[in-house]
Structures are given as structure tokens and as C-alpha cells.
Amino acid sequence: MRKTALILACALATASSAVAEEQALAPRQSWSFAGPFGTFDRAQIQRGFHVYRDVCSACHAMKHVAFRNLAQPGGPGFSEAQAKQVASEYRINDGPNDKGEMFDRPGRLSDFFPSPDPNEQAARARFNGALPPDFSEIAKARGAEAGFPWVVFDAVRQYQEGGPDYIYAYLTGYGDPPAGVTLPPTQFWNNYFPGHRTAMRPPLQNGQVEYTDGTPTTTEQYSRDVTAFLMWVAEPHLEARKRIGFQVMIFLIVFGGLAYLSKKKVWADLH
Amino acid sequence: MAGHGTFQPKNPILKWLERRLPVLSLMHDSFVVYPVPRNLNYWWTFGGILSFMLAVQIVTGVVLAMHYTPTSSGAFDSVEHIMRDVNYGWLLRYIHANGASLFFLAAYIHIFRGLYYGSYKEPREVLWILGVIIFVLMMATAFMGYVLPWGQMSFWAATVITNLFSAIPGFGRAITQWLWGGYAVDQPTLQRFFSLHYLLPFMIAGVVVLHLWALHHVGQGNPLGIDVKSDRDTVPFTPYATAKDNFALICFVILLAWFVFYIPNFLGIPPDNYIPANPLQTPPHIVPEWYFLPFYAILRAIPNKLLGVVALFGSILVLFFLPWLDTSKVRSARFRPLYRQFFWVFVAVCIGLDYLGSKPAEGGYVIVARVLTAYYFLYFLVILPALGYLETPRPLPASISEPVLPEKSAAAVAMGARAPERKG
Chain A
37 MRKTALILAC ALATASSAVA EEQALAPRQS WSFAGPFGTF DRAQIQRGFH
87 VYRDVCSACH AMKHVAFRNL AQPGGPGFSE AQAKQVASEY RINDGPNDKG
137 EMFDRPGRLS DFFPSPDPNE QAARARFNGA LPPDFSEIAK ARGAEAGFPW
187 VVFDAVRQYQ EGGPDYIYAY LTGYGDPPAG VTLPPTQFWN NYFPGHRTAM
237 RPPLQNGQVE YTDGTPTTTE QYSRDVTAFL MWVAEPHLEA RKRIGFQVMI
287 FLIVFGGLAY LSKKKVWADL H
Chain B
939 MAGHGTFQPK NPILKWLERR LPVLSLMHDS FVVYPVPRNL NYWWTFGGIL
989 SFMLAVQIVT GVVLAMHYTP TSSGAFDSVE HIMRDVNYGW LLRYIHANGA
1039 SLFFLAAYIH IFRGLYYGSY KEPREVLWIL GVIIFVLMMA TAFMGYVLPW
1089 GQMSFWAATV ITNLFSAIPG FGRAITQWLW GGYAVDQPTL QRFFSLHYLL
1139 PFMIAGVVVL HLWALHHVGQ GNPLGIDVKS DRDTVPFTPY ATAKDNFALI
1189 CFVILLAWFV FYIPNFLGIP PDNYIPANPL QTPPHIVPEW YFLPFYAILR
1239 AIPNKLLGVV ALFGSILVLF FLPWLDTSKV RSARFRPLYR QFFWVFVAVC
1289 IGLDYLGSKP AEGGYVIVAR VLTAYYFLYF LVILPALGYL ETPRPLPASI
1339 SEPVLPEKSA AAVAMGARAP ERKG
């Protein structure tokens, strides 16, 4: 019967290799927010925010994020005054006023980031039918799954960065299509995008966004920074989660140890 | 749990209550003096773990429902509101999502423990059937809960699963539309799923009470599978079982905390469910949660839709008949050399089906899934009935305390007490 189990395992392995190879897997990057003690690199997500504001936000909405979030603990570390300043640079459509009219006003902390397009149809009309996805959860809405059985090791190693790894790979993964493939002018070749044909033209160019802290202004650096920013956007309480998690673990391990000793003591007199 | 207990309260208020409603002596009889076999191993701690998990799911779920909006336009945003703006909303939601997964893990361990030690045999048939009813209710609850965030996977899982009923000849279409409350999965579907998702856990709690009642009436099984013969075979529930259950529960909560705090989206929420539901765009792979995958693999292993659905439901229904399909009088696999081997192959087959359920239904995957599906049914319908006649069980010990307390000598007694469990 042990043999039967072995044969089963072999059959499973053959079955998986028989199925055609899929998308290239995004290479794993090292992120400051990975692991049990991971935290966001404040300077990095501030830079990432600038990349979002100067480049991505022209097409991508971020409707679940409010300006007040920029100043909340565990975030990019802007002061409240800075967050107010950022908000005031946006025009927010509000109303109706007491004349029944809608009006524009400068943004406030409680406002959410406005969408670049009034609705989905308008966005699709602007991009030849393609819809730029909302960025609020995108770092969790993408993945780079290793597949069974490696996925089991990922549970032990706490690998949860499939989304950021994919986004970074996508942003830096543009290239020329293989020989014999011609693309219409509205499509671009990307080594990591499912199906390889993406409707977004390479968004980041060297030197496009100005950094004030001396960080190199390269496509790779922009991609890395904006990806880290998007991870914070998708999981704003990540730092609190990992910090509380460690406290909970310490408590449970001590509690478990005491429970084990009392169990041993109780059962020791059993005769 | 029957009759009047031995508990005599001293406090006058408790005495007053006890004369009018003997709830204190009921608790005392059920959780303090209740005799449990002294040789229970850690596989017997999962009943307590499951009760705890049910309570966790209900408590977190009730609070989540205070902030959730069951509308097709508001559900996704309200879940994100919980994750971002509700105080510790992320913690509640991650406990609830990962708690569901670990609830199933504990349930599967509990079920396989029952299979290995023959916990479903006379006189525990009704106890077992109540357990299978709980399992079915859990599956319905988990499925409907999965739909509530109204992400892509929520929507398409709801579409795939409700469409299973369209395979019923004649009435399929009508039944499916009745479930949907319309002509597709939409607002009415979400709203009724929310209502039922809130209702079913309390039904589970009710059946759990019956399950415990039946358990306390017939008494627990044990790794040797022989009946309790004297007081020497048992120990009082408190402190012995409570101390052991307590330790096992804390270990299980450490596992839960690992998922909740460090890898909350590993089991709980797949990437596609962070994309709002879009009826016009089918995700490339629609994959259910891991705890449904063996059944999903069985469904897809059968080329005919109706027969696939029959096999899917049959694979669960067959569990109801297990007490009569297993013809052996010996309960514990420890004394059944052949059964033990078929059992472990069955475990491997279930894990294999779980893996195949996550893979696209094509090529070699389908062939292997068919072989494993065949074994799944053969195990219950052919192997178990036949083994009772073909297998020669090993001799059973005379009593529970005999192998535990082999000699009267103090040294042997101490050793036996420390290691009541021996590998069979």
C-alpha cells in the first residue's frame, strides 16, 4: 500500500508536467515589508506616492484611499499639514449647494483620491476600450503563485509578496515582441502580463519624476518605489498587523507552555 | 446528560436555581465529572477546538455584519471600509476568513480521526450522522460567506455552484432561477446568501448540541475501540481532558495566528477576490477554497454534467451510510491490519483530489482525477463492506486500563500514565 501511494505521487507529478507551461513567474524581490518584522520604508513610499501622483494617477483611480490616510500611522509618514497640502492641490467635485448646483473645491483630508475619469465608459473611450484598473487593492489583486508543493514552503516562509513581485516584474518587463509577432499600435509586449499583450504603453521613463533625496531616477527605481507605495495602499495596517502578531505569538507561546506544564502535572498523578 | 446530577450547590442562590432549573448540575455532569476514557490521544482534542472555532466565527461574524452592506454595489466597498477604517476591522475580517479555513482543517482532522478509529460504529451511528449534518451545514455556510465580499471569485464561485442545480433533469432551470431570485447571480442572490450565512451558524450550533448530547449519552470512543468496562478505564473530564484540550487548543490558535497576522491572504482570500465582481469578465481559473477542492475534482472528473453533480453530492451523502457500509465489528484501525493500509491510501487520495481540484481540468489531470475518484467510491462501497469479511483482526485487549496499566508495579504505572498512547 505504501507503494500505491508512491505510484499515486508519481502519477500526479507526470500529470502536472503534461500540462502546457504557463506565464513566466515574476522573480522574487526583497521588500522592506516582507517577513514577520517587516515595515514600510517611509522615504520609499513617499517617493512611490510622487510617482503615482505625477504619472499613474493620469489614468488610474485609487478610490478607497483618502488624503487623511497619507498622515496616518504606519503610512508614508507625511505630517497632517503635508497631507492637507497634497489634498488642496486636487479639485474635488462636490454639491449640490443650496442653489442645487454641483461645484469644484480644493480637496480636504476627508476626501478620497478623485478618479481621472468620470465613469468607466469615459475611461474605456479614452483607452481604446481598455480600462485602467483601480489601484486601491491592486497589490493584493495580483499574484505570483509558485504552485503545489512549493506553496507549502511559502506558508512557512511567510511569502505574501506575490502581488508586489508581479507589479514590479510587469513595470520592468516591457520588451520587443518575438520575431514574427506584430502588434497593433494600441498593444505592447510585456514578458509578465498574462497573454503578453498589454494595453498600457511603458509608463515609466528614466528621469521622468524628480526625486529630491538623491535616489537614482531610473525606471527600475520608480517601479520599485511605486510598487512599495501600492502595497501600503492595499494593506494600510500591515505594520500594526505584524507588530500585534508578534505580541500575540509571544503571549500564546508562553500561555501554551504553561498549559503544557499544567497538563503534565495533572496527568502525572494518574494512578 | 440524563436525569438528575450529583452536583449539590452550597450557595443558597445557586440552590434556589438548581431546584427550579438543574442547569448547574447539567454543566457539572457534562464538563466536570463526565468520565472520559483515560487513553484518549491528541486526535481527540479537535472536538473542543471545533467548538471554539464555531464561537470565534460567530463572534467575529456578528461584528463584521454590523459594518457590512449586502448590496451588489456596496458589498465590496463595505468590506474595504472594514479593512481600512473600522477599528481592528482588518483583524476581525482576517480572523473570520482564515478562521473558516482552519475550521475546516480541524473538521477534516476530526472526521479522519473518526474514520481511523471507527468512531461511527454501534452505538455511535447517530452521533456520526449528526456530525455529517454539521459538515454539510458548514460547507453551505462557508460557500455563502465566500460570496459576500462580492469580488470576482465570490461572484463566479456563486455562478458555478448554483449552476450545478441546473443539471437536475426537468426542473434544473427553474430551481436555479429560484435560488438566484432572478435570471443570473445578482443583488437578490447576494442578499439571500447574506441572510442564510447569518442563519446557518446558529443551526450548526443547534446540531452541535445534539452531537454533544449523543456523545455524552453513549460515551466517547477511544484509540483501542473497546468499551469502557470499569471506573479504572476512565478519568473525570475536569481536570484531565480540560487540561489536555486546553493545551491542544492553544497550539491550534498559534497556527491560526500565524495565518491571520503573517500570511492572511494565503488561504483566506485569493488575489481575484480583491477585484470587484464583474459579470462580463470570467476569471481565467475559477478555483474554490482548498476545503472544497476534493469535491470539485470529483465533479470535474466526470465528463457528463448530471453524473458529475450526482458524484459530487454522492461523495458527501455516502458518509451518512458509512456506519452500515463498514461491516467489521472491530472499531479501531489499530487492530485492523488491512483496513489501516486502505485508510492511509484513502487519505492520500483525498489530498491528491484536493491538489487536482486546483488544477485546470485538462490532459493528465483529468485521468488521474478519474482514478482517484474511482478509489474514493470503491473505498466506501466495495472495500469497507468486503474487508469486514476478508480481514482477520488482531486480538483486542481485555480492557482500556490493561494496556495502559500493564503491571501493578509503581514504575510501570508511572510510565503507562506518561505514555498512554502506543503506536499500534
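Each protein sequence line maps, in turn, to chains A and B.
Okay, so the first sequence: first residue is 37 according to the working numbering, each after it adds one.
Okay, so the second sequence: first residue is 939 according to the working numbering, each after it adds one.
Cβ atoms here follow ideal geometry from the backbone N, Cα and C, with glycine treated the same way.
At what residues does the beta strand (DSSP E) containing residue i begin and finish?
i	result
F139 of chain A	F139 to P142
Determine, using beta carbons only, whether residue i comes closer than 8 Å to chain B.
i	result
A177 of chain A	yes
Y296 of chain A	yes
M236 of chain A	no
S172 of chain A	yes
W285 of chain A	Looking at the sequence provided, one finds Met at residue 285 of chain A rather than Trp. Yes, M285 of chain A lies at the interface with chain B (some Cβ there is under 8 Å from its Cβ).
R160 of chain A	no
I289 of chain A	yes
H100 of chain A	yes
G165 of chain A	no
G199 of chain A	yes
E57 of chain A	Note that E57 of chain A has pLDDT 38, beneath the 50 cutoff, so the model's placement of it is unreliable and the number below is only indicative. For E57 of chain A, the answer is no, since every Cβ of chain B falls outside 8 Å of its Cβ.
A47 of chain A	The predicted model places A47 of chain A with a pLDDT of 47, which falls under 50 and marks its position as unreliable; any figure quoted below should be read in that light. Answer yes: the Cβ-Cβ gap between A47 of chain A and chain B drops below 8 Å somewhere.
A70 of chain A	no
F184 of chain A	yes
V302 of chain A	yes
L207 of chain A	no
What are the residues that DSSP puts in a beta bridge with residue i?
i	result
T1172 of chain B	B:P975
R233 of chain A	A:W225
Y325 of chain A	The structure shown has nothing for residue 325 of chain A, since chain A only spans 37 to 307.
F148 of chain A	A:A102
Y195 of chain A	In DSSP, Y195 of chain A forms no bridge with anything.
Y210 of chain A	A:N226
Using a Cβ-Cβ distance cut-off of 8 Å, determine whether residue i contacts chain A.
i	result
A1235 of chain B	no
P950 of chain B	no
F990 of chain B	no
A1324 of chain B	no
N1184 of chain B	yes
E1018 of chain B	yes
V1173 of chain B	yes
P947 of chain B	no
R958 of chain B	no
C1288 of chain B	no
P1177 of chain B	yes
Y1200 of chain B	yes
Y1046 of chain B	no
P1209 of chain B	yes
V1191 of chain B	yes
By the DSSP assignment, the alpha helix (DSSP H) with residue i in it spans what residues?
i	result
S1039 of chain B	G1027 to Y1054
M1021 of chain B	A1013 to R1022
D1292 of chain B	P1275 to G1295
R260 of chain A	T255 to A270
P1323 of chain B	L1322 to L1328
I1099 of chain B	Q1090 to N1101
R1130 of chain B	Q1125 to V1156
G1069 of chain B	E1063 to V1085
G1110 of chain B	G1110 to W1118
I174 of chain A	I174 to A177
R957 of chain B	P950 to R958
Y1313 of chain B	G1301 to L1316
D77 of chain A	Note, D77 of chain A: premise wrong, no alpha helix (DSSP H); not H, not E.
I'd like to check one pair, residue j with residue i: are the Cβ atoms closer than 8 Å?
i	j	result
L1291 of chain B	A1312 of chain B	no
L1068 of chain B	V1145 of chain B	yes
N979 of chain B	A295 of chain A	no
R315 of chain A	D140 of chain A	Absent from the model: residue 315 of chain A. The displayed extent of chain A is 37 to 307, so no value can be given.
G292 of chain A	I1188 of chain B	yes
P1366 of chain B	G999 of chain B	In the structure displayed, chain B extends from 939 to 1362; residue 1366 of chain B sits before or after that span and is not available.
I1201 of chain B	Q194 of chain A	yes
W1116 of chain B	D1124 of chain B	no
Y247 of chain A	R104 of chain A	no
F1175 of chain B	V971 of chain B	yes
V87 of chain A	D261 of chain A	yes
G281 of chain A	A1195 of chain B	yes
**Every unbroken alpha helix (DSSP H) inside the segment 80-132 of chain A [4 residues or more]** = DSSP runs (the alpha helix (DSSP H)) wholly in the segment 80-132 of chain A: 116-124.
**Prompt:** Could you give the uninterrupted runs of the alpha helix (DSSP H) lying entirely in the segment 1186-1252 of chain B, keeping only those of 4 residues or more?
**Reply:** With a minimum length of 4 residues, the unbroken runs of alpha helix (DSSP H) contained wholly in the segment 1186-1252 of chain B fall at 1231-1239.
**4-residue-minimum alpha helix (DSSP H) runs that sit fully inside the segment 980-1012 of chain B, ordered along the chain** = Listed in chain order, they are 984-1003.
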